[in-house]
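J.: Right, I'll just put the structure down here and ask away after.
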Amino acid sequence: MTEPVPVTADTTDRKVRYAVGLITEEEMAKTLQLQSIETLATWRSQKRGPPFVKLGKKVFYTVTEFGAWVQEESKRQSERPAPRIIPDPTRAVRVPISETLDF
Numbered sequence: 014m015t016e017p018v019p020v021t022a023d024t025t026d027r028k029v030r031y032a033v034g035l036i037t038e039e040e041m042a043k044t045l046q047l048q049s050i051e052t053l054a055t056w057r058s059q060k061r062g063p064p065f066v067k068l069g070k071k072v073f074y075t076v077t078e079f080g081a082w083v084q085e086e087s088k089r090q091s092e093r094p095a096p097r098i099i100p101d102p103t104r105a106v107r108v109p110i111s112e113t114l115d116f
């Protein structure tokens, strides 16, 4: 049998956050497999990335808005035209003359 988890302010906060669908910056960074939460801070300052809500000094992300953002990003990326590859004339391939002439 497992031992009960002691009720602390941290576990209570987490339960409340999950009940209302909020996740922390750290949880969002882990979900998106980012190196750090600084990427999320950069995205927020550039008005990109998943929608967030600031409560006091803490930043949270809502699960429902995150799901909608993922769908929008998926649609945007699938509609983006494929990049055109334009050959660089300065990097032309040199072919020896003996290979281009039929004798």
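Positions 14 to 116 (the working numbering) are the ones given, in order, by the sequence shown. Built from N, CA and C at the ideal position, the CB exists for glycine as well. Just so we're clear, the structure is a prediction, and the values are computed from it rather than from any experiment.
Which whole-angstrom value describes the C-beta separation of VAL76 and ILE50, a residue pair presumed to lie in contact below a C-beta threshold of 8 Å?
T.: Looking up residue 76 in the sequence shown gives position 63. Looking up residue 50 in the sequence shown gives position 37. No, VAL76 and ILE50 are not in contact; Cβ-Cβ is about 18 Å, not under 8 Å.
J.: May I have the straight-line CA-CA distance separating THR55 from PRO63, to the nearest angstrom?
T.: Against the sequence shown, residue 55 aligns to sequence position 42. Against the sequence shown, residue 63 aligns to sequence position 50. Distance between the alpha carbons of THR55 and PRO63 is about 12 Å.
J.: Quick check: ALA66 and GLU38, are their CB atoms within less than 8 Å of each other?
T.: In the sequence shown, counting from the first residue as 1, residue 66 sits at position 53. In the sequence shown, counting from the first residue as 1, residue 38 sits at position 25. Going by the sequence as given, residue 66 is Val instead of Ala. Taking 8 Å as the Cβ cut-off, VAL66 and GLU38 do not qualify as a contacting pair.
J.: With DSSP as the reference, label ILE99 as helix, strand or coil.
T.: Locating residue 99 in the sequence shown gives position 86, where the first residue counts as 1. Coil.
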